[in-house]
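Chains as they are written, first to last, in our numbering: chain A, 6 to 161; chain B, 6 to 161; chain C, 1213 to 1684; chain D, 1213 to 1684.
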Ligand code: B12
Ligand code: B12
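Dropping the structure here:
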């Protein structure tokens, strides 16, 4: 059943395997890239806790509480609502939740004419890395591994 | 031979038949409308002296000298050069030639965006009537028949 | 014209977390009868009438997707599209907060920056504004959304005098939400369909478009059509009289044409007589090419497939599809280009009819094997729920936990979409073998390998333009 | 690279009333060898190379018509078309004063108001400006004009490094002038073709496009093709190596496709081996519909006919065709729309091949019966002159006195162009009967009646859009 990817399968992972938490933003049901990214990371040896579509910041925080050794939370957003759907991120971070790098990728604003503001305002919410090409994920995860003492600083 | 329409056939017309002189402007070779207009006027009983394509003002003047009883000179222009091709009209008129109404019709300027200036500047050259729809020719000829004592006034 | 209150209105089960709208803006919903009278007075045809007329004239009706957050901008958008794009029907595409009944989020976004919304939050704006939109254009409107529970949205749409409504208990659940049980969405949509039945009795036929497009990417035709058949049967039982069966262009010409041409046959087999059924093509719903020329090739291709497949309606795409919600100009250009396929000058175009006939038979058999066990069950909706739980019904790439997604589609070398794995679908060995033979992918079973192959199949139209001649 | 003077240059007979250009602007023509070297250094493919490449890749090369009076505006026009319309070849359409060697008029108009000119007066601007234009874009240029005597224009074009030149002793006389004897135009074009032969020996193959479009309106395919065959044979004898046979879209799908597909067969039958021959479709050359959508339907239809007929090149039209010389935007839109027909996604489209095969045989027989008596004569050019004088060669709607125009074309009920009267054409009774049967117009012989019928046939595409389905 290659597409099974529920959070159920996550709890038992041992800290030795590199673990990431994956999901799609809260109002977003675009799932195809999510499936493919999960497969690709698994093929690279990662343990992927895939929360699937329509995942709120709260659900990401819960999953991270269950897998505190997760290297990163990776959030896809395709429907243009990334900024909308991550409104609760600063509060969660302030509350000490999600104390690991947050990576966001996909199609990050509404409309066909994008500008860098899309990225800046996400960073303003506390997103650490914005990516577009999923192929950059493994290298990015390697780079982020350089241990950080405390939660990454949150801008704004 | 329904399309024969050379000036050769013109000389012998008797004043009793209503006569018009037809042709296409000097730089213009578009002939299809010319053929159809000639046929249509003939079907209505007119004697049509058809000078065909590429007819200079001088040739129209000659034909009129041969058929002084012609009711009108009817000039088609499709290629956009009407104004160009009628540059000699004022001089011909001043010289007393073409002392009958001059009707011009077709596509009267270059380009796809027309304005009324196209008509005005032709009238400025001494064109009496500007038409677009050949179906209006018979009624126009009837109207112009109301005898005029002297050549129509030439503007500008 | 009667404005009497409609006692049944209160019989509708309470809906979700409520509208969450700016209270001063939204009046209580009018009665059904008042809404029916309003539609009559509107002086425009209903969507069902437009579809009937298009079919009678042998042309494909055209409809763009369109929806923006702001009411003023939505009005302008509809008017611009109508004036310059000459559509037969216009859409109100609803934002994805409203779809998931996150009305408070929709309202917050509307207050903060309406441009951040990916659609028009009709419930939040309210039915009076819906009527304003309706009155601003001459063609009928359809609501396009993706709500597992669309009851409040539907009531608001009807009150707005909108005569076409997309969705279904399966097709607007599995692709659009993660954790809504099918039993809930099926029940919610049964209510919507029942309302359509009531409206039909009041003399207003609502066109109900079923979202056979599903998750849009590599959808095997027989899965799309099977689920539409099940939703159509359910809808017809509740009194729905006009059904549009939407099918997503998959990209293989003969397969898509054959799929569209099965719709009348499926209607004749499975639906009560007198149900009006239209085939609708959704222009390619997978990843679109980024190059404008390539995207326009795909748009025209889709429109020709709609015509040659005998679709009544086409939902158009734009050359900005790969980038984001299109601007008005691109949306108009998409309509204008698709309109070329309706040209009377193209009546000389033919297709490989033998190939199509073969494909059509194959699809009809697959659909029959999938739906007939479910239709044979004593109760339809529970049978659907159970079948999905066991995998006897399934869709690829489900966004929801309530489908197993054990089905794996792949493209055959000729570009047609086939089953690599049929999961729990009750397909006969004959049909399984035909799929296997068609694919003959070889290739490793290894995960990385499989993902690469699948990705290439998904991204078919990103590379189809690199070589001249056939896509493959 | 040699700049040696070319002694043959003075052997060319003196041309017309001379250039009449602003003397300071135009330098004496460079030698042929210098021009050949210039083309090599230009760093762009020749037109013949572009055509060869298009044929090899199985796509239709696209080319717009374009020409304005002003040099600066012409430069901008070419650059805009290249940047946004992605053509394979660009045109310099020449004004109609220059075509008729009225160089003084062209110069006067240029001084007074260049916008009054319906094309670019290359001779007046001079070859140095021609080179500037050539250098301003990356694709090769073709001169399109309509000159019975194009010798000075050709010399100027070659000096400008332009590698494609349209016209022929018949096709650029009869539709374009009233009183130029065919013997004169044939002699002038023999000189042009001979120069092409010399250039080929110097290593530069000029693409010579023959204007089979003729008077464009209701041209029976066999007349267009027969005259191209005669011009092609004459050109090949003078050493022309690359010939484009232009055929005007008549409007009947299978007839047009069949006509295009006869070109390779005609080349094999009548031309020396090693002559490269391309079929070129001119998008519908008769009266264009005024409605933009209708015009665009016709543009796309033409482009599809080109593809399905296997044309190497398509000359595009615009939705402004019915109004006047198009603006740049419309010209770009015409190119972009036609480009859709090259889409690799449309490889599934088929036509009625039986119908096409039948039509093709018919056309080949008609062409054979028209050209073979002429080709059998001891001397080709005088035989052509005599045949036109006697009506054994003829064209409908001649602008010139030197064709009898006893041929009357009409549309059959299916829209195909047939002979109502074959005049003096030496067609066999079999073929005459087939034409009669196809037409079966009935209708009065009376003049008014005939003119009405003919007008309707001419205006075919002004009404083809009123009814859905086939044009008729
Ligand atoms: C298929 C599809 C759907 C399907 C989704 C089915 C499903 N459940 O998955 C359906 C039809 C249901 C659908 C619905 C909607 N869709 Co949609 N959809 C698409 C479409 C055509 C393809 C998406 C896809 O699957 N691509 C294949 C996968 C493999 O690639 P991808 O998703 O494009 O992702 C790539 C990158 O973004 C990146 N990536 C993706 N996620 C991540 C995550 C990380 C961490 C990283 C690093 C990279 C990354 O990697 C991928 C490969 O390059 C796109 C347009 C397109 N691309 O052509 C629109 C599109 C994404 N959809 C869009 C919209 C708006 C919607 C709707 C809101 C409807 C509407 N208002 O019009 C609803 C959404 C409902 C909701 N609640 O979210 C818009 C987004 C608009 C915007 N951002 O401005 C798009 C761009 C279409 C458009 N032009 O309007 N859609
Ligand atoms: C066929 C055609 C040709 C044929 C002509 C064959 C021939 N010898 O007749 C060929 C291919 C040779 C040709 C050549 C050229 N053409 Co041409 N041609 C056309 C075309 C497609 C149809 C014309 C036609 O025959 N129509 C059928 C007849 C029955 O109708 P009509 O001519 O349009 O005339 C109608 C009215 O204008 C009116 N009318 C016509 N004459 C008269 C006279 C009177 C007195 C009245 C009252 C009314 C009237 O009645 C007719 C019925 O409604 C038109 C575009 C179109 N209309 O779609 C372009 C067009 C006329 N041509 C045009 C041009 C520019 C040329 C060229 C100069 C080439 C160039 N630079 O691009 C050369 C001209 C050479 C020259 N020396 O004149 C332009 C004119 C541009 C402008 N005005 O801005 C047009 C509009 C195309 C375009 N959009 O660019 N052409």
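Yeah, the Cβ is synthetic: ideal placement off N, Cα and C, and Gly gets one too.
9 Å or more divides the Cβ of residue 91/A from the Cβ of residue 38/A. DSSP places residue 1344/C in no beta strand (DSSP E) but in the uninterrupted alpha helix (DSSP H) bounded by 1339-1348. Annotation for residue 1603/C: 1616, 1618, 1635 and 1636 place their beta carbon closer than 6 Å to its own, counting only its chain and skipping 5 residues before and after. 1677/D is the residue among 1677/D, 1302/D and 1408/D whose C-alpha sits nearest the C-alpha of residue 1505/D. In this structure, residue 45/B sits away from residue 103/B, with a CB-CB distance that is not shorter than 9 Å.
Any Cβ of chain C closer than 9 Å to the Cβ of residue 89/A would place that residue at the interface, and such an atom is present. Contact residues of the stretch 1392-1416 of chain C toward chain A are absent (C-beta to C-beta distance below 7 Å). A contact between stretches requires three or more CB pairs, one per stretch, nearer than 8 Å, and the stretch 1531-1550 of chain C meets this requirement with the stretch 105-123 of chain A.
Proximity of residue 1264/D to chain C, defined by a Cβ-Cβ separation below 9 Å, is not satisfied.
What residue 1309/D touches in chain B, judged by beta-carbon distance under 7 Å, is 32, going in chain order.
Close CB contacts of residue 1344/C within its chain, under the 8 Å cut and outside five residues either way in sequence, are with 1283 and 1287 (chain order). For the alpha helix (DSSP H) assignment, the uninterrupted runs of no fewer than 4 residues enclosed by the stretch 1372-1449 of chain C are, from N- to C-terminal side, 1394-1413 and 1433-1449. Remark: fewer than three beta-carbon pairs, one from each stretch, lie closer than 8 Å, so the stretch 1402-1417 of chain D and the stretch 1561-1573 of chain D are not flagged as touching. For residue 1515/C, the enclosing alpha helix (DSSP H) covers residues 1504-1520. Around the beta carbon of residue 147/A, fewer than 16 other beta carbons sit within 10 angstroms, so the residue counts as exposed. Note that the stretch 1313-1333 of chain D does not touch the stretch 1262-1272 of chain D; fewer than 3 beta-carbon pairs, one per stretch, sit closer than 8 Å. Check the Cα spacing between residue 1276/D and each of 1397/D, 1572/D and 1492/D: the tightest is with 1492/D. Interface with chain D (9 Å Cβ-Cβ cutoff): residue 1513/C is included. Rounded to whole angstroms, the gap between the alpha carbons of residue 1409/D and residue 1484/D is 14 Å.
Neighbours of residue 1506/C in chain A, taken as residues at a C-beta separation under 7 Å, are lacking, since the least C-beta distance is about 16 Å.
At a cut-off of 9 Å, the C-beta of residue 1242/D has no neighbouring C-beta in chain C. Residues of the stretch 1514-1536 of chain C with a Cβ closer than 8 Å to any Cβ of chain A, in chain order: 1532, 1535 and 1536.
For residue 69/B, no Cβ of chain D is located within less than 9 Å of the residue's own Cβ. The Cβ-Cβ distance between residue 1495/C and residue 1510/C falls below 9 Å. Inter-residue distance for residue 1502/C and residue 1668/C is about 16 Å (C-alpha atoms, whole angstroms). A residue is called buried when at least 16 other Cβ atoms come within 10 angstroms of its Cβ; residue 82/B meets this threshold and is buried. In this structure, the beta-carbon distance from residue 1628/C to residue 1462/C falls below 9 Å. For residue 1433/D, the closest of 1302/D, 1399/D and 1573/D by C-alpha to C-alpha distance is 1573/D.
Remark: C-beta atoms of residue 94/A and residue 56/A do not approach each other more closely than 9 Å.
Chain order gives the chain D residues near residue 41/B as 1663, 1666, 1667 and 1670, where near means a beta carbon separation below 9 Å. Per the Cβ contact rule, the stretch 1354-1366 of chain D is in contact with the stretch 1302-1317 of chain D (3 or more Cβ pairs under 8 Å). Between residue 1548/D and chain C, the shortest Cβ-Cβ separation is below 9 Å. Distance from the Cα of residue 1250/D is smallest, within the candidate group 1272/D, 1336/D and 1342/D, for 1342/D. Residue 1269/D and residue 1401/D have their C-alpha atoms some 32 Å from each other. The Cβ of residue 1543/C sits no closer than 9 Å to any Cβ of chain D.
For residue 1313/D, there is no enclosing beta strand (DSSP E), since its DSSP letter is neither H nor E.
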